[in-house]
Amino acid sequence: MSLEKVLSISGKPGLYKLKTQTRGGFLAESLLDGKTINVSGRHNVSLLSEIAIYTLTEEVPLRKVFEKISEKEGGKETMSHKASKEELEEFFFGIMPDYDEDRVYASDIKKVVQWYNMLIKEGITDFSETKEENGDDELEAKAAKSGKVVSPKSAAPKTANPKASSTKKGGSTKNAASRKT
């Protein structure tokens, strides 16, 4: 399983694995206890693949931070997230020496360490980039080989013209673009 299927849900402890989509949201399975919960649109949900850590020069994707921790720890679990603030910051400085200390708080470091350990316990050790993250580059490479020109705009679905929508007024349907105000 890749990080594209792992979620953090605000207000809920731990991490969750995306299972399936439902009418009003989706089902997610807890990596802590294996229970399945229904997640609606009211929940604040973040995919781990979309989270980044601030550095002094750029934003580093969380998967790269996990890769660095894994290299340092030899693919095994790291220190406890319950360690002191100073120990956590010292550890993180060893992993990311240029992280932005003004925007990355001790609580953020604590979450990263906790999430890393949770993923390792679940056997999720491959933090490399997946085809989905690298999809645009592959699409462009295939297009270049075939001689076709592909742009993200041409691949996007067309949306309806909002001025051409019809509305009900006084029992009849009129074109909103031709209606006089």
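Heads up: the sequence shown is residues 309 to 489, going by the working numbering. Idealized CB from N, CA, C, for every residue including glycine. All values reported here derive from a predicted model rather than from experimental measurement.
>> Tell me which residue opens and which closes the beta strand (DSSP E) that Gly333 is part of.
In response: Gly333 to Ser338
> Taking the alpha carbon of Leu492 as the point to measure from, which residue in Ser318, Gln422, Ala391 and Glu367 has its own alpha carbon closest?
Replying inline: With the chain represented from 309 up to 489, any question about residue 492 goes unanswered, as that position is not in the structure.
> Would DSSP call Lys393 helix, strand or coil?
Replying inline: helix
>> Please give the ranges of any beta strand (DSSP E) in the segment 361-426, keeping only runs that are unbroken, at least 3 residues long and fully inside the region.
In response: 367-369
> When DSSP builds the beta bridges, which residues end up paired with Ile311?
Replying inline: Checking the sequence, you will find Leu at residue 311 rather than Ile. Leu311 is not bridged to any residue.
> Since Thr330 and Asn346 are thought to touch, with beta carbons under 8 Å apart, how far apart are those beta carbons, to the nearest angstrom?
Replying inline: 7 Å
>> For chain D, check one thing: does any of its Cβ atoms lie closer than 9 Å to the Cβ of Asn346?
In response: No chain D is part of this structure, which consists of one protein chain only.
> What did DSSP end up calling Ala485 once you bin it into helix, strand or coil?
Replying inline: Here the model assigns Ala485 a pLDDT of 45, short of 50, so the residue's position is not dependable, and the following value carries that caveat. It is coil, neither helix nor strand.
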